[in-house]
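Participant:
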Amino acid sequence: MSRLRRAFATGLRVRALRRLYRIYLQEKTPQARGLRLLRSWLTPRQRAEFDSEGQFEVVGSDSGKRYRISYGTSANVHEVDRAGRLGAGLCFMPEGGLVAGDVMLAQKIALETCEKSTLALANRFPPLLFSSRRGQG
Amino acid sequence: MAVQIVLDVTGDTRSYFDTNDAESLAEAERRFKELTGRGFIAAVRSGPDEVLRIHHFDPGVEETLFFPRLVGG
Chain A
1 MSRLRRAFAT GLRVRALRRL YRIYLQEKTP QARGLRLLRS WLTPRQRAEF DSEGQFEVVG
61 SDSGKRYRIS YGTSANVHEV DRAGRLGAGL CFMPEGGLVA GDVMLAQKIA LETCEKSTLA
121 LANRFPPLLF SSRRGQG
Chain B
1001 MAVQIVLDVT GDTRSYFDTN DAESLAEAER RFKELTGRGF IAAVRSGPDE VLRIHHFDPG
1061 VEETLFFPRL VGG
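First to last, the sequence lines map onto chains A and B. In terms of the working numbering, the first sequence has 126 at position 126, counting the first letter as 1, and numbering is strictly consecutive. In terms of the working numbering, the second sequence has 1059 at position 59, counting the first letter as 1, and numbering is strictly consecutive.
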């Protein structure tokens, strides 16, 4: 019974978050404009991932490796292995203190168009201790 | 109308130009050179699932995005 209650509460929370996200997207702040621009440049699959999970995957232009870009402005990119587990983290961003959506868009374009030179300048950090597969929290 | 979108600390700045007007095109090309000369990276969408980095002004592109050079964090 308590499991059912928890699932119900989680469902309510997710719906509330989505509602807030939709409202946020309608605002005219730089943050909201950045998110709208990011969404417009994502592929349909990436957009669906971002809308449901707040993160999306890209494929590196040189190695074909997968990377996950999470909402944020730094230390928000991770390698993803074949099993979907998060690997090493990569820290790189455009100069100048851009808002999160703009940073994520620049990171996506960099990995999808010039992966090697992007990796050369990125700082690496160890994988998360409790890495999880997509959708398993 | 085509557009050049520049990402910076204030958000995004959009400059629209008429691809059929020589003066407007020249202004867009000048802006392209000025931004890439300052280290901005220019990218375009070449298909629904594909993004390309470009190094030269292309008058046929409808939307060009510029973001500042990347640095390690």
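Glycine included, every Cβ here is placed at the ideal spot set by N, Cα and C. Since this is a predicted model, take the numbers as computed values, not measurements.
(1) Are the C-beta of V80 of chain A and some C-beta of chain B separated by less than 8 Å?
(2) Please check the pair R1069 of chain B and P94 of chain A, which I expect to be a contact at CB under 8 Å, by giving their CB distance rounded to whole angstroms.
(3) Report back the beta-carbon spacing between A106 of chain A and L1052 of chain B to the nearest angstrom; my notes put them in contact at under 8 Å.
(4) On a Cα-Cα basis, can you pick out the residue from A:V80, A:L37, A:G101 and A:Q31 that is closest to Q1004 of chain B?
(5) Among B:L1025, B:F1017, B:E1034 and B:S1024, whose alpha-carbon lies nearest the alpha-carbon of F1066 of chain B?
(6) What are the boundary residues of the beta strand (DSSP E) that includes D102 of chain A?
(7) Going by other Cβ atoms of all chains shown within 10 Å of its Cβ, with 16 needed for buried, is V58 of chain A buried or exposed?
(8) Nearest chain A C-beta to L1035 of chain B closer than 8 Å, yes or no?
(9) Can you list, in chain order, the residues of its chain whose CB lies under 7 Å from that of E1029 of chain B, leaving out five sequence neighbours each side?
(10) Please check if any C-beta of chain B sits within less than 8 Å of the C-beta of R66 of chain A.
(11) Here's a check: name, in chain order, each residue in its chain whose Cβ is nearer than 6 Å to the Cβ of D1012 of chain B, leaving out the five neighbours to either side.
Facilitator: With the given structure in hand:
(1) For the purposes of this step, residue 80 of chain A is identified with residue 80 of the first sequence, where counting begins at 1. Not closer than 8 Å to any Cβ of chain B, the Cβ of V80 of chain A fails to qualify, so no.
(2) As a first step, residue 1069 of chain B must be located in the second sequence, where it is residue number 69. As a first step, residue 94 of chain A must be located in the first sequence, where it is residue number 94. Contact flag correct, Cβ pair sits at about 7 Å.
(3) Locating residue 106 of chain A in the first sequence gives position 106, counting from the first residue. Locating residue 1052 of chain B in the second sequence gives position 52, counting from the first residue. Incorrect: roughly 15 Å between the Cβ atoms, too far for contact.
(4) As a first step, residue 1004 of chain B is located in the second sequence; it is residue number 4 there, counting from the start. If we check each option's Cα against that of Q1004 of chain B, A:L37 comes out closest.
(5) By one-based count along the second sequence, residue 1066 of chain B stands at place 66. Out of B:L1025, B:F1017, B:E1034 and B:S1024, the CA that lies nearest to the CA of F1066 of chain B is found in B:E1034.
(6) If you number the first sequence from 1, residue 102 of chain A lands on position 102. D102 of chain A -> not in any beta strand (DSSP E); alpha helix (DSSP H) instead, spanning A100 to T113.
(7) Position 58 of the first sequence, counted from the start, is the residue given in the question as residue 58 of chain A. V58 of chain A is buried by the Cβ-count criterion.
(8) Stepping through the second sequence from its first residue, residue 1035 of chain B is reached at position 35. For L1035 of chain B, the answer is no, since every Cβ of chain A falls outside 8 Å of its Cβ.
(9) The residue you call residue 1029 of chain B lines up with position 29 of the second sequence. Closer than 7 Å at the Cβ level, and outside the excluded window around E1029 of chain B, lie F1057.
(10) By one-based count along the first sequence, residue 66 of chain A stands at place 66. It does not; no Cβ of chain B falls within 8 Å.
(11) On the second sequence, position 12 is the one that residue 1012 of chain B refers to. Closer than 6 Å at Cβ, skipping near neighbours: I1005.
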